[in-house]
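Below: one structure, written as structure tokens.
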Amino acid sequence: RWPTALLVRPDGHVAWSGDGARPEGLRAALRTWVGEAPQRPEPRLPERTMDDAMEETA
Numbered sequence: 862r863w864p865t866a867l868l869v870r871p872d873g874h875v876a877w878s879g880d881g882a883r884p885e886g887l888r889a890a891l892r893t894w895v896g897e898a899p900q901r902p903e904p905r906l907p908e909r910t911m912d913d914a915m916e917e918t919a
């Protein structure tokens, strides 16, 4: 059975292969070759609404 996904290094070597059922190995390979994922900022509501913008142009 062939893997359904590959992580290939720039030098052409396969750093990880798998079927996606167990992503832990992929996560470990990505941390090794790419680094840690950046932290996502907390979502914020916009300071103005679309209605506010429409009122300003009217």
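Heads up, our numbering is the position in the sequence shown plus 861, with the first residue counted as 1.
From the three backbone atoms N, C-alpha and C, an ideal C-beta is built for every residue, glycine too.
Asked	Found
Exposed unless 16 or more other CB atoms sit within 10 angstroms - verdict on W877	buried
For V895, the nearest candidate out of P904, T865, V869 (CA to CA)	V869
Span of the beta strand (DSSP E) around L867	866-869
Contact check, G879 vs A866, beta carbons under 8 Å	yes
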